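Data block below; observations after.
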Amino acid sequence: MRLTDFKVLTFDCYGTLIDWESGMVEALTPLTSKVSRPLTRNEILEAHARHEASQQVQTPTKKYRELLSIVYKRRAEEWGVSMSHEDCAAYGRSVRDWPAFSDSADALQYLKKFYKLVILSNVDNETFSYSNKRLQIEFDSIYTAEDVGAYKPSLSNFAYMLDNLSGTGIGKSDILHTAESMFHDHKPANSIGLASCWIYRRHKDEGFGATMNPGEMPKFDFKFTSMGELAKAHQEQLGTNTRSVPD
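Everything in the sequence shown is counted per this note's numbering, starting at 168 for the first residue and increasing by one.
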């Protein structure tokens, strides 16, 4: 299997293209600074994973920015910190400020020359519009949890995407699903027989951070530690100059 075998790259956004872990840790500072004991970065992220995954199952049709407000409330309760409604709402809005990884925009601009680029994200449409500006690319299609009425790892999200792409003549074998999260993306991709590429952003960290442990590790077809590495690997397969895509 080669990268050049595919016509479409479908992407998770947060954790793959947008540095959501850095963004959420920064946005949580007003809360975590009030906790009675120091919290490690991974403790903060793992608390996010637990509360977010639970809330997404309980309220699958709630918009992501509103769901994050509840996640903030649950963490404040867990850590024994008082908070206001506005504190919770501000955290939900903070997604628009989460930064893109430094290599995302350049890699996407390169890949756009060879593939259709598609987003499949656990987010609402308004919030994604802010992240899209940071990524500096026009995606061919954007499918969100708000569109589907469910959150990954639900197979409904993948079925929705595949149904819509099939209407444009794109079959499952044309698609390489590209994502960081084993829990949200690679595990369901395995379930439906979709080829996948692991962008292992957390290769220097322990655990799964802001995503749940998937249990048995899913399989994947390609593995890179950044979007820049993915773009360079594609260039190497084409035999072109790899220096045009920075790290």
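From the three backbone atoms N, C-alpha and C, an ideal C-beta is built for every residue, glycine too.
Note that this is a predicted model, so its numbers are computed, not measured.
Please state the DSSP three-state secondary structure of residue i.
| i | result |
| --- | --- |
| Ser200 | coil |
| Thr311 | strand |
| Ile286 | strand |
| Val175 | strand |
| Ala428 | In the structure displayed, the chain extends from 168 to 414; residue 428 sits before or after that span and is not available. |
| Ala377 | coil |
| Ala267 | strand |
| Asp341 | helix |
| Glu245 | helix |
| Gly126 | A question about residue 126 goes unanswered here, because the residues of the chain that appear run from 168 up to 414. |
Name the DSSP bridge partner or partners of residue i?
| i | result |
| --- | --- |
| Tyr181 | Ile185 |
| Trp365 | Ala346, Lys390 |
So which of the options has the shortest CA-CA distance to residue i?
| i | options | result |
| --- | --- | --- |
| Cys364 | Lys399, Lys371, Glu347 | Glu347 |
| Gln225 | Leu284, Lys390, Gly316 | Gly316 |
| Arg242 | His370, Arg301, Met191 | Met191 |
| Leu212 | Phe387, Gly376, Lys390, Leu176 | Gly376 |
| Glu233 | Gly382, His252, Ala216 | His252 |
| Tyr239 | Lys230, His215, Lys229 | His215 |
| Asp186 | Gly334, Thr335, Arg301 | Arg301 |
| Gln276 | Glu293, Ile304, Ser200 | Ile304 |
| Ser203 | Thr228, Glu244, Ser333 | Glu244 |
| Leu284 | Ile337, Pro227, His218 | Ile337 |
| Leu287 | Gly334, Phe173, Asp314 | Asp314 |
| Met349 | Gly334, Arg368, Asp254, Lys399 | Arg368 |
| Arg263 | Phe281, Lys279, Leu235, Tyr282 | Leu235 |
Buried or exposed: residue i, going by 16 or more other Cβ atoms within 10 Å of its Cβ?
| i | result |
| --- | --- |
| Glu193 | exposed |
| Gly395 | buried |
| Gln222 | buried |
| Pro205 | exposed |
| Asn289 | buried |
| Gly406 | exposed |
| Lys371 | exposed |
| Met168 | exposed |
| Arg208 | exposed |
| Gly182 | buried |
| Thr171 | exposed |
The segment 311-325 touching the segment 251-259, judged by at least three CB pairs closer than 8 angstroms: Not touching, per the Cβ criterion.
The segment 235-255 / the segment 269-284 touching (three or more Cβ pairs under 8 angstroms): At 8 angstroms Cβ cutoff, the stretches do not touch.
Meets three-Cβ-pair contact criterion under 8 angstroms: the segment 380-396 and the segment 342-359: For the pair of segments examined, the segment 380-396 was found to touch the segment 342-359: the number of CB pairs separated by less than 8 angstroms reaches three.
Cβ contact check for the segment 332-342 and the segment 168-182: 3 or more pairs under 8 angstroms: They touch, by the three-pair rule.
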